[in-house]
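Below: the structure, in structure tokens.
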Amino acid sequence: MTQAGRHAVLILAHTQPQLLRLLLEAVDSPHIDVFLHVDDASVLTSHRFHTRRSALHVTTGKAAWGGFSLVRAEFRLLEKAVRADSYDYLHLISGQDLPLVTPAELRERMAGRREQFIGRTPARDGAADWKIRYWHPFADNRRYRTSLVMKGTRRASVAAQRVMHVDRVSPMDLQPRHGSQWFSITAAFAHWLLDRRQWAQRAFQHAITSDELLLPTMWATLSPPFELSSEQDQNLRWINWDPLREPGPRTITMADVPVVRSHQERCLFARKFDLVTDPDAVAAVMERLSR
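Under the numbering used here, the first residue of the sequence shown is numbered 488, with each subsequent residue one higher.
Pasting the structure below:
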């Protein structure tokens, strides 16, 4: 198959500078531009990052787990990317992801595709409803994830709102859906999203984990004129979810590497990796990419 087109890799990063350098090395290509967002409260702000062949655009800003600042960071990356060039696809990943394909394989795999690769988790749509329906205090506070006081206050607030029949869903006729933050979308769909930033702010700025609700809910509510990926393809990611562990995915270890490799024919990226927890798993994936 003939390789074609240009791609943008959008990265949200907040930790592990050496792993981020390996990620940048893995996607480095004259046909791929990289847009890196560094959380301004992270250790990464004291580091410098470089690519040899890709154009690298670096921004900093707030990106708090569970908060709307993550959505703002995504929109910031999308805006910079669509202003820079007209890409075939824009791929949002985290700084703890690694590609399962080389840059040449990425271009070949995506040549001629037009779908929007968005992850959906219908089993969690019920959670999406209450995450949007109620106001969630402290959701965008950096300390929320580790603060028992903030978590307790938020839960008490949600309980009171249930009694008072607070409803932020019906006035906007929202169709709450749950899914994945990470995506591979066309430039046309990126423009469509950016044109609806104010709508997204009204719908999600007081939700919790709004980054996981954004695209599935916008798709279900607004019915964009684009083709959605199949249930099998989803967002072309292999994510090491543990149904007994919330929130967030489990770190990939060497025990998971055979499973990761079995998804290389379908998935473009995998997460999440950790150089401290299991450097051998990182090395195993990087070794395949360097062949």
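From the three backbone atoms N, C-alpha and C, an ideal C-beta is built for every residue, glycine too. Treat the numbers as computed from the prediction; the structure is a model and nothing was measured.
Cβ distance (whole Å) where residue i is taken to contact residue j below 8 Å
i, j, result
"S671", "H518", "That pair is no contact at about 15 Å."
"L531", "F760", "Not a contact, Cβ separation roughly 16 Å."
"V496", "L755", "Wrong, their Cβ atoms sit about 10 Å apart, outside the cutoff."
"H494", "V569", "Actually they do not touch by this definition, with Cβ atoms about 13 Å apart."
"D515", "S541", "5 Å"
"T781", "T738", "Because the chain is modelled from 488 through 778, residue 781 falls outside the range shown and cannot be assessed."
"L511", "A550", "Going by Cβ atoms, the distance from L511 to A550 rounds to 18 Å, so no, they are not a contact pair."
Three-state class that DSSP yields for residue i in the structure shown
i, result
"W679", "helix"
"W725", "strand"
"D575", "coil"
"V588", "coil"
"Q490", "Residue placement at Q490 is flagged as unreliable, the pLDDT there being 47, under the threshold of 50; the coordinate-derived value follows with that caveat. DSSP places Q490 in coil when its eight states are reduced to three."
"G606", "strand"
"D782", "This structure gives no information on residue 782, because the portion of the chain shown stretches from 488 to 778."
"S777", "coil"
"T502", "coil"
"D612", "helix"
"A771", "helix"
"T538", "coil"
"L507", "helix"
"S556", "helix"
"A495", "strand"
"S716", "coil"
"S533", "helix"
For residue i, the nearest candidate out of the options (CA to CA)
i, options, result
"Q688", "D527, G554 and A677", "G554"
"A770", "R753, M741 and C754", "M741"
"P711", "L702, S717 and P609", "L702"
"Q751", "T546, D527, L585 and W686", "L585"
"R632", "T696, A707 and Y621", "T696"
"P624", "G599, V636 and G613", "V636"
"G599", "R620, D616, A610 and Y576", "Y576"
"G492", "T547, L499 and E592", "E592"
"A694", "Y574, R601 and V656", "V656"
"H537", "D520, M651, D526 and S529", "D520"
"L700", "R539, S717, R620 and P590", "R620"
"A674", "H501, K549 and K567", "K567"
"L681", "R559, T547, F522 and T546", "R559"
"D660", "L709, D627 and R753", "L709"
"A646", "W622, G666, R629 and R539", "W622"
"D627", "P590, F691 and A571", "F691"
"H665", "V746, P609 and E595", "P609"
Residue i vs residue j beta-carbon contact at 7 Å
i, j, result
"H534", "L564", "no"
"L762", "Q603", "no"
"P736", "W728", "yes"
"A768", "V744", "yes"
"D616", "P658", "no"
"L543", "M773", "no"
"R758", "Q648", "no"
"R684", "F522", "no"
C-beta neighbour in chain C for residue i, strict 7 Å
i, result
"L585", "In summary, chain C is missing from the structure at hand, where a single protein chain is found."
Only counting runs of 4 or more residues, tell me where the alpha helix (DSSP H) segments fall wholly within the segment 636-704, in order along the chain.
674-681 and 684-691
Can you give, in chain order, each stretch of the alpha helix (DSSP H) that sits fully within the segment 730-766 and has at least 4 residues?
744-749
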